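Following: one structure in structure tokens, then a few remarks.
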Amino acid sequence: MAAVVSKRCRHLTNLRSNIFIDVAHFIEGTSVNTLEELVRTNVSAVEAVKRILPHSNQSQNTLNRLGIRFYLRDESIDIVRSVDKAMTTRKVVKAEFVIITEIPSDMARNGRRFLSYFNACPGAFAGLTSLHVESVALGLSDIPDVLRTCHKLESLSLLNCDSGHGTVLALEHPQLTDLQLCSCNTVELRWLPKLAQVACSTWVPSQDDRCPLLFGHVPLLRSVKLSTAAYVTYPVLLLSKLLADCTMLSELCIGFDSHRIWIQPEGPAQLAPLLQNLRIVTLDNIFEECDLTWTLFLLRAAPLLKTLQIKFMFMILQVSSHECTPLPNEMLRTFICEKENIKWEPSDFKHNHLAVLEIHGFEGGNKFMGYIRRVMEAAVNLEVIILNDELCEHCGFRSTTGYPRTKKERDIIRKQINEGSSSATSRDVQFCEMSLEGHKKIID
10 MAAVVSKRCR HLTNLRSNIF IDVAHFIEGT SVNTLEELVR TNVSAVEAVK RILPHSNQSQ
70 NTLNRLGIRF YLRDESIDIV RSVDKAMTTR KVVKAEFVII TEIPSDMARN GRRFLSYFNA
130 CPGAFAGLTS LHVESVALGL SDIPDVLRTC HKLESLSLLN CDSGHGTVLA LEHPQLTDLQ
190 LCSCNTVELR WLPKLAQVAC STWVPSQDDR CPLLFGHVPL LRSVKLSTAA YVTYPVLLLS
250 KLLADCTMLS ELCIGFDSHR IWIQPEGPAQ LAPLLQNLRI VTLDNIFEEC DLTWTLFLLR
310 AAPLLKTLQI KFMFMILQVS SHECTPLPNE MLRTFICEKE NIKWEPSDFK HNHLAVLEIH
370 GFEGGNKFMG YIRRVMEAAV NLEVIILNDE LCEHCGFRST TGYPRTKKER DIIRKQINEG
430 SSSATSRDVQ FCEMSLEGHK KIID
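Position in the sequence shown (first residue = 1) + 9 = the numbering used here.
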């Protein structure tokens, strides 16, 4: 075991001031398939930390970055102890724990084990600037204790964490700037004076129709990202209620991970006070057959909006030559609701600041062309229209149908867009291919 650990971590000891140890680096093969393999992998990570931390960077007293990803198991206490000791002997500028679980369903046991780490080595947690925890149940008094001790924390990620059924998780912290929430109950952002961005996904709906996020004192909050599958039992939400008291947003991203649009269009009277500073809107994972006219309610309510991005769900099940299918058909039928379109017709309005319209998963056809013309009619100063192709983020499969692949097809689309405009000024229409890394390449 020691020889294996030494061989795999030899390169880390040469790094003078940056150390990152990931339990995944010790997997013998492509994945962990049994509990025995998981234990062996985690023990290797523990031994690596114990071997590296006491001897690394001996010539200097500062670690610029220390990051460790490990399983929430009994033997991992030695990782926390090693970090606790390192915190007392040297300056650690950035320190990160990514704590993953072996049994996500046993949240109570995971919570007790996490608190055993915390109580045994508070110094390790006091030096953290980033913390990811998953599948942990903590008492209502435990959360404030942890956050008070982690006084340097800048980034916090909670996956499937709560304080009991129906409870509201209240967060207060003077330094936190980035918050990631997934599969949690309602979270109250009670006092987070430096919070700049929050992402909340796949939340657990409350029985009393509470919103997934409650905004308190968040004066610097500029970016909110919300995404959920919104199954049949999920209530439709009003942005005017969800974003209440949150008036300084500059970026809003809303994701639809099923065939249901879970927000209700509203008029500018309700939304304009909240969206008055919005600059970027992204609507992600809209199902292919969904009408797009309803999206204009956001454009109408955000007078300073500069960029509108529309991203379509990659239709894996409709591509016979594509074998990358994360969910089989039967599971989709069982858990994901029927396609639920949304109808909303805006009255005529003009928008003076929208400069960029970007569509991911564009196809030539009446739906897309009609929508682009509607946006052009409203956005009198629109400058650029970016049309991206469709790419499977899992395997890189690129659909060969629908998107204009030849220059002749692209020229026809470009001509149709500009000829359909009432403006005398031609818009710059760009066609782009996406990469798995999310980069865009302009092809025409």
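Built from N, CA and C at the ideal position, the CB exists for glycine as well.
Remember, it's a predicted structure, so these values are computed and weren't measured experimentally.
Residue from Arg99, Glu392, Arg78, Ile61 with nearest C-alpha to Asn70 = In the sequence shown, counting from the first residue as 1, residue 70 sits at position 61. Residue Arg99 is the option with its Cα nearest to Asn70.
request  = Measure the C-alpha to C-alpha separation of Ser408 and Phe371 and round it to an integer number of angstroms.
outcome  = Along the sequence shown, one-based indexing puts residue 408 at 399. Along the sequence shown, one-based indexing puts residue 371 at 362. When rounded, the distance between both Cα atoms is 11 Å.
ask   = What does a CB cutoff of less than 6 Å around Gly411 pick up in its chain, not counting 5 residues either side in sequence?
value = Stepping through the sequence shown from its first residue, residue 411 is reached at position 402. The answer, listed in chain order, is Glu372.
key: Alpha-carbon to alpha-carbon, Cys130 and Asp266   = Residue mapping note: residue 266 aligns to position 257 of the sequence shown, counting from 1. Residue mapping note: residue 130 aligns to position 121 of the sequence shown, counting from 1. Cα to Cα, Asp266 sits roughly 40 Å from Cys130.
query = Three or more beta-carbon pairs under 8 Å between the stretch 375 to 393 and the stretch 298 to 306, yes or no?
reply = yes
ask   = Is the Cβ-Cβ distance between Lys417 and Asp453 less than 8 Å?
value = Stepping through the sequence shown from its first residue, residue 417 is reached at position 408. Stepping through the sequence shown from its first residue, residue 453 is reached at position 444. No, these two residues do not count as a Cβ contact at 8 Å.
task = State yes or no: is the C-beta of Leu137 within less than 8 Å of the C-beta of Ala95?
result = Within the sequence shown, numbered from 1, the residue matching residue 137 stands at position 128. Within the sequence shown, numbered from 1, the residue matching residue 95 stands at position 86. Not a contact, by the Cβ cut-off of 8 Å.
message = Tell me the DSSP secondary structure of Val290 in three-state form.
response = Taking the sequence shown and counting its residues from 1, one reaches residue 290 at position 281. Note: Val290 maps to strand in three-state DSSP.
request  = Work out the CA separation of Ser249 and Gln279 for me, nearest whole Å.
outcome  = Taking the sequence shown and counting its residues from 1, one reaches residue 279 at position 270. Taking the sequence shown and counting its residues from 1, one reaches residue 249 at position 240. Near 6 Å, if we compare the C-alpha coordinates of Ser249 and Gln279.
key: Beta-carbon proximity list for Leu400, same chain, < 6 Å, skipping 5 on both sides   = Position 391 of the sequence shown, counted from the first residue, corresponds to residue 400. For Leu400, where only same-chain residues beyond five positions count, the Cβ hits under 6 Å are Arg407, Met443.
task = Would you kindly check if the distance between the Cβ of Gln285 and the Cβ of Ala261 is under 8 Å?
result = Here residue 261 refers to the residue found at position 252 when the sequence shown is read from its first residue. Here residue 285 refers to the residue found at position 276 when the sequence shown is read from its first residue. This sequence places Leu at residue 261; Ala is not what is there. Not a contact, by the Cβ cut-off of 8 Å.
ask   = DSSP three-state call for Thr434: helix, strand or coil?
value = As a position in the sequence shown, residue 434 is number 425, starting the count at 1. It is coil, neither helix nor strand.
query = Nearest CA to the CA of Asn42: which residue from Glu111, Val177, Val52?
reply = Within the sequence shown, residue 42 is the residue found at index 33, counting from 1. For the residues Glu111, Val177, Val52, the minimum Cα distance to Asn42 belongs to Glu111.
ask   = What residues in its chain sit with their C-beta under 7 Å from that of Asp171, if we drop five residues either side in the sequence?
value = Reading the sequence shown from its first residue, position 162 is the one you call residue 171. Contacts found: Ala146, Leu178, Cys193, Asn194.
ask   = With 16 other CB atoms within 10 Å as the buried threshold, where does Pro244 fall?
value = Along the sequence shown, read from residue 1 onward, the residue named residue 244 stands at position 235. Under this definition Pro244 is an exposed residue.
ask   = My guess is that Trp200 and His226 are in contact by the Cβ rule of under 8 Å, so how many angstroms apart are they, rounded?
value = Your numbering for residue 200 matches position 191 in the sequence shown. Your numbering for residue 226 matches position 217 in the sequence shown. Confirmed, Cβ separation roughly 5 Å.
task = Measure the Cβ-Cβ separation of Leu168 and Leu188 and say whether it is below 8 Å.
result = Indexing the sequence shown from 1 puts residue 168 at position 159. Indexing the sequence shown from 1 puts residue 188 at position 179. Going by C-beta atoms, Leu168 is not nearer than 8 Å to Leu188.
key: Spatially closest choice to Pro153 from Asn375, Ser432, Leu180, Ser139, by CA coordinates   = Counting from 1 along the sequence shown, the entry for residue 153 is found at position 144. For the residues Asn375, Ser432, Leu180, Ser139, the minimum Cα distance to Pro153 belongs to Leu180.
Local conformation of Gly120 per DSSP, three classes = Taking the sequence shown and counting its residues from 1, the one referred to as residue 120 is at position 111. Three-state DSSP puts Gly120 in a helix.
Residues that Gly264 bridges to, as DSSP identifies them = Stepping through the sequence shown from its first residue, residue 264 is reached at position 255. For Gly264, which the question treats as bridged, DSSP gives the partners Ser236, Asp293.
ask   = Quick one: what does DSSP say His34 is sitting in, helix, strand or coil?
value = Within the sequence shown, residue 34 is the residue found at index 25, counting from 1. In this structure, His34 counts as helix in the three-state DSSP scheme.
request  = Within its chain, find whatever has a CB closer than 6 Å to the CB of Val438; leave out the 5 residues flanking it on each side and keep chain order.
outcome  = Working through the sequence shown from its first residue, we reach residue 438 at position 429. Excluding positions up to five away in sequence, the list reads Ile394, Arg423, Ile426.
key: Lys320 beta carbon less than 8 Å from that of Asp293   = The residue labelled residue 293 in the question sits at position 284 within the sequence shown. The residue labelled residue 320 in the question sits at position 311 within the sequence shown. Their beta carbons are under 8 Å apart, which means Asp293 touches Lys320 by this criterion.
task = Between the Cα of Ala281 and those of Ser259, Gly173, Gly264, spot the shortest distance and give me the residue it belongs to.
result = Within the sequence shown, residue 281 is the residue found at index 272, counting from 1. Nearest of Ser259, Gly173, Gly264 to Ala281, Cα basis: Ser259.
query = To the nearest angstrom, how far is it from the Cα of Asn390 to the Cα of His360?
reply = Within the sequence shown, the letter at position 381 stands for residue 390. Within the sequence shown, the letter at position 351 stands for residue 360. Each residue's alpha carbon lies about 8 Å from the other.
request  = Find the nearest neighbour of Leu238 within the set Leu230, Cys209, Arg219, Cys255, judged by alpha-carbon distance.
outcome  = By 1-based counting over the sequence shown, the position of residue 238 is 229. Checking the sequence shown, residue 238 turns out to be Ala, not Leu. Nearest C-alpha to Ala238: Cys209.
task = Report the three-state DSSP secondary structure of Ala388 (helix, strand or coil).
result = Here residue 388 is taken as the residue at index 379 of the sequence shown, counted from 1. Correct three-state label for Ala388: strand.
task = Note down the Cα distance separating Thr50 from Lys449, rounded to an integer number of angstroms.
result = Translated into the one-based positions of the sequence shown, residue 50 becomes position 41. Translated into the one-based positions of the sequence shown, residue 449 becomes position 440. Each residue's Cα considered, the two are about 37 Å apart.
request  = Please classify Pro183: is it buried, with 16 or more other beta-carbons within 10 angstroms of its beta-carbon, or exposed?
outcome  = Residue mapping note: residue 183 aligns to position 174 of the sequence shown, counting from 1. Exposed, because fewer than 16 other Cβ atoms sit within 10 Å of the Cβ of Pro183.
inquiry  = On the CB-based measure, 16 or more other CB atoms within 10 Å of its CB, does Gly33 come out buried or exposed?
reply    = If you number the sequence shown from 1, residue 33 lands on position 24. The identity of residue 33 in the sequence shown is Ala, whereas the question assumes Gly. By the neighbour-count rule (16 or more Cβ atoms within 10 Å), Ala33 is not buried but exposed.
inquiry  = By the DSSP assignment, the alpha helix (DSSP H) with Thr98 in it spans what residues?
reply    = Along the sequence shown, read from residue 1 onward, the residue named residue 98 stands at position 89. Start and end: 86 to 98.
query = By a C-beta neighbour count over all protein chains shown, 10 Å radius and 16 as the cutoff for buried, is Leu156 buried or exposed?
reply = Walking along the sequence shown from the start, residue 156 turns up at place 147. Looking at its Cβ environment, which holds 16 or more other Cβ atoms inside 10 Å, Leu156 is buried.
Chain-order list of residues whose beta-carbon lies under 6 Å from that of Phe224 (same chain, five-residue window excluded) = For the purposes of this step, residue 224 is identified with residue 215 of the sequence shown, where counting begins at 1. Only Leu198, Asp254, Cys255 meet the Cβ criterion.
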